[in-house]
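First residue of the sequence shown? That's 1 in UniProt numbering, and the numbers climb one at a time after it.
Here a beta-carbon is modelled for each residue, glycine too, at the ideal position from N, C-alpha and C.
Only a predicted model underlies this, so the values are computations on that prediction, with no experimental measurement involved.
Input: a single structure, listed below in structure tokens.
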Amino acid sequence: VWAFGSSPTHGTNILMDDTLPSEVNKTLLNGCKSSIVQGFQWATREGPLCEEPVRGTKLKILDAVLADKPIHRGGGQIIPTARRTVHSSLLTATPRLMEPIYRLQIQCPGEIVDAIQPLLNRRRGHIVQDRPVSGSLMSSVKAYLPVLDSFGFETSLRTFTQGQAMVHSVFDHWDVVPGDPLDRSIVLHPLEPSPPPHLARELLVKTRRRKGLSEDVSISKFFDEGMKAQLNQPDDNDDMMPLQ
């Protein structure tokens with residue numbers, strides 16, 4: 001293991017050296033280790049989809065061809081090259097967007113627990129635990145709700161239950177957003193809610209638009225023409241979508 005990213009101390013991504021001494025000049029590679037690690041941490045701090053932190057990836061260095069002259073192995077050459085290599089690797093590994101999930105603790109009378117589930121369903125939430133509170137007629141409900149769909153939930157809950165329910169929310173974990181963010185066949189209609197398979201694409205487009213980026217990820221920014229031609233070659237065992 002060479003490094004963790006994007007934080008060197010508690011990052012959720014791993015960079016590993018998996019090269020063989022018989023195939024790679026280890027002396028030259030180790031001399032560039034610091035620059036490669038900087039490029040890796042930069043790439044995982046600003047991912048290729050939305051320029052947001054990357055989570056839960058393991059990258060292995062399998063091969064490296066380095067120039068013999070030290071002037072061609074400086075940080076100015078290695079760091080951006082390592083960053084572009086990490087981004088291109090992520091784009092060929094079916095990347096997905098992740099979203100934060102709230103853990104909700106709802107206190108309410110036991111007879112209205114069943115009425116809470118439809119409110120959560122409309123916001124992609126669900127109940128994971130329902131238990132009575134000892135010595136009372138109240139129930140304690142534990143549920144998960146995406147932060148993206150949580151705005152206005154407390155008001156809706158209190159209105160629907162006529163003030164009988166109280167909710168406390170806290171961040172719990174990250175989860176994958178449904179759908180493929182790179183699926184260009186998805187058509188987004190303004191002012192219309194997207195079905196679950198289209199959510200990742202909608203989130204990608206809106207996030208990039210908010211940041212002033214192009215609405216789609218430009219493959220040519222990360223792949224040269226030779227690599228694109230190689231990836232577009234048909235494979236007998238795999239049905240890949242051509243890179244554009």
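Rounded to whole angstroms, the Cβ separation of Tyr144 and His168 is 14 Å, and the two are not in contact under 8 Å. Unbroken beta strand (DSSP E) stretches of 3 residues or longer found wholly inside the segment 49-125: 58-61 and 98-109, given in chain order.
The beta-carbon separation of Leu66 and Arg73, rounded to 6 Å, stays under the 8 Å limit for a contact.
Around the beta carbon of Asn121, a 10 Å sphere encloses fewer than 16 other beta carbons of the protein chains shown; the residue is thus reported as exposed.
Cβ atoms of Gln164 and Cys108 come within 8 Å of each other, at about 6 Å. Exposure of Leu20 is indicated by the presence of fewer than 16 other C-beta atoms within 10 angstroms of its C-beta. At least 8 Å separates the beta-carbon of Ala82 from that of Val24. Rounded to the nearest angstrom, the gap between the Cα atoms of Met138 and Glu99 is 31 Å. Bridge pairing for Gln129: Lys142 [DSSP].
Put simply, the backbone Cα of Lys142 is about 19 Å away from that of Thr159. Apart from the 5 residues on each side of it in sequence, Leu199 sits with its Cβ closer than 8 Å to the Cβ of Val177, Pro178 and Gly179 in its chain, given in chain order. A distance below 7 Å between beta-carbons, with the five flanking residues on each side excluded, links Asp175 to the following residues of its chain, in chain order: Met98, Glu99 and Ile101.
Each of Ser136, Leu182 and Ser150 was checked against the Cα of Phe171, and the nearest Cα belongs to Ser150. Separation of Phe222 and Leu213 (C-alpha to C-alpha, rounded to the nearest whole angstrom) is 15 Å.
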